[in-house]
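Okay, so the sequence shown: first residue is 0 according to numbering that gives the first Met the number 0, each after it adds one. The C-beta atom is built at its ideal place from N, Cα and C for all residues, glycine as well.
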Amino acid sequence: MNHLDSFVSIFLQSSLLLSAMHINVTALFLNPQETGSFPNKKQQ
Numbered sequence: 000m001n002h003l004d005s006f007v008s009i010f011l012q013s014s015l016l017l018s019a020m021h022i023n024v025t026a027l028f029l030n031p032q033e034t035g036s037f038p039n040k041k042q043q
């Protein structure tokens, strides 16, 4: 039972990390000018 609990906690932590990374990546793609202006200014 203890082994299963530790596995579940590790899984939850990793899924939280992945969701946070996904949110950061989507924010990067959605507002590039807020995160240091990507190729937008170079193209214009």
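- Per DSSP, asparagine 1 is one residue of the alpha helix (DSSP H) stretching across 1-29.
- Going by C-alpha positions, serine 5 is about 32 Å away from alanine 26.
- Rounded to the nearest whole angstrom, the C-alpha separation of isoleucine 22 and phenylalanine 28 is 10 Å.
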